[in-house]
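Below is one structure, written out as structure tokens; comments come after it.
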Amino acid sequence: MQTKDLESLYIQSPKLNQLNVLREVATNARVTQAGLAKRCSLSVAMVNNYMKGLCHSGMLEYKRKSVKSVTYHLTASGVRYLEILQTELIGEMADMFAGAKEHTKRQILNQANSKLQRVVLYGSGHLAQIAFHALASAGISIQGVCDDNPERTGSDFCGREVVNSSQIRFLVPDAVIITESIKSDEIFQKFSALSQRGIELIYLAKIVEQDQGSLRKMDSEPTSYYEDAYGINGSFSKTFSSKY
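Following this note's numbering, the numbering of the sequence shown begins with 7 at its first residue and continues without gaps.
Spelled out as structure tokens, the structure:
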């Protein structure tokens with residue numbers, strides 16, 4: 007799975023690929039291998055290998071109506087295996103959420119110049135949800151959630167109504183936690199008056215263009231670059247490969 011600029015940090019494992027294949031087949035028995043490849047972010051050849059393996063292990067069975075018409079179906083064992091994989095995935099995601107919450111809490115507290123008691127969240131996406139729970143676990147009062155996206159304004163966010171950022175000054179927070187990527191000129195326009203009032207601005211999703219350029223450069227370097235710069239010596243790659 008890749009983006010246009012950088013490879014994702016998320017790497018699919020064989021068990022996750024099996025889960026995705028089984029889940030798609032359970033939803034649509036007529037799905038083609040090309041369709042599975044697109045939905046599961048795999049090559050057609052990889053999908054073919056997974057389908058063969060799952061059929062061989064008794065998780066899937068297929069019915070051929072013609073040369074070009076094949077349907078796949080989960081067996082009773084396949085249904086049980088799908089449930090097991092989904093339970094494992096939910097458990098791992100819960101652990102990842104807990105880790106993300108602790109990391110976010112540290113990130114917020116490390117940026118704060120004083121003890122935070124009352125804060126406002128700017129943004130109502132997934133990162134804002136993590137920040138909401140991280141702040142709550144630290145005993146910090148969340149006075150409100152703001153978002154200037156008209157599709158989000160007025161909606162429910164963790165039991166709070168999302169309001170426009172123009173309302174921040176009335177909430178009188180110690181700090182505004184910014185969970186959306188905002189360009190420098192937009193930040194100045196939206197929040198310069200708040201800074202003048204002594205309200206701190208804490209960024210969770212701000213990556214300046216220079217940093218992105220550095221990351222792109224690092225991404226294009228050969229493996230030896232990482233070994234020389236960070237002393238990795240290939241240990242991560244070996245560990246990850248042996249695990250999956």
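We treat Cβ as the ideally placed atom computed from N, Cα and C, and that holds for glycine.
In or out: T93 buried (at least 16 other Cβ within 10 Å) or exposed?
exposed
Between the Cα of S72 and those of I17, R36, L95, spot the shortest distance and give me the residue it belongs to.
Per the Cα distances, R36.
Less than 7 Å between C-beta atoms, sequence neighbours within five positions excluded: which residues of the same chain meet that for Q117?
For Q117, same chain residues with a beta-carbon under 7 Å away, outside a window of 5 residues either side, are I208 in chain order.
According to DSSP, simplified to helix, strand and coil, what is T93?
Correct three-state label for T93: helix.
Based on Cα-Cα distance, which residue from V85, F138, V125 lies nearest to K107?
Per the Cα distances, F138.
Would you report the Cα separation of L115 and M102, rounded to the nearest angstrom?
20 Å
Alpha carbons only, please: which of M99, V182, E89, I96 is nearest the one belonging to S130?
Considering only alpha carbons, the answer is V182.
Are three or more beta carbon pairs between the region 170-185 and the region 138-158 nearer than 8 Å?
yes
Beta-carbon contacts of V168 that lie in its chain and below 8 Å, excluding the five residues immediately before and after
S130, V151, C152, D153, R158, T159, G160, S161, D162
Just tell me which of S198, H79, K69 has its CA closest to the CA of S172.
S198
Taking DSSP's pairing of strands, which residues face Y16 in a bridge?
Answer is none; Y16 lacks a bridge partner.
Alpha carbon to alpha carbon, what distance is there between R29 and H132?
So the two alpha carbons sit approximately 24 Å from each other.
Quick check: L88 and A140, are their CB atoms within less than 8 Å of each other?
For the pair L88 and A140, the CB atoms are not nearer than the 8 Å cut-off.
Coarse secondary structure for A181, derived from DSSP in three states:
strand
Would a C-beta distance cut-off of 8 Å place M57 and G84 closer than the cut-off?
no
According to DSSP, is G204 helix, strand or coil?
The answer is coil: DSSP assigns G204 none of H, G, I, E or B.
Go through its chain and collect everything with a Cβ distance to G40's Cβ below 7 Å, but skip five positions before and after it.
One point to set straight first is that residue 40 is Ala, not Gly, in the sequence displayed. Hits under 7 Å: V50.
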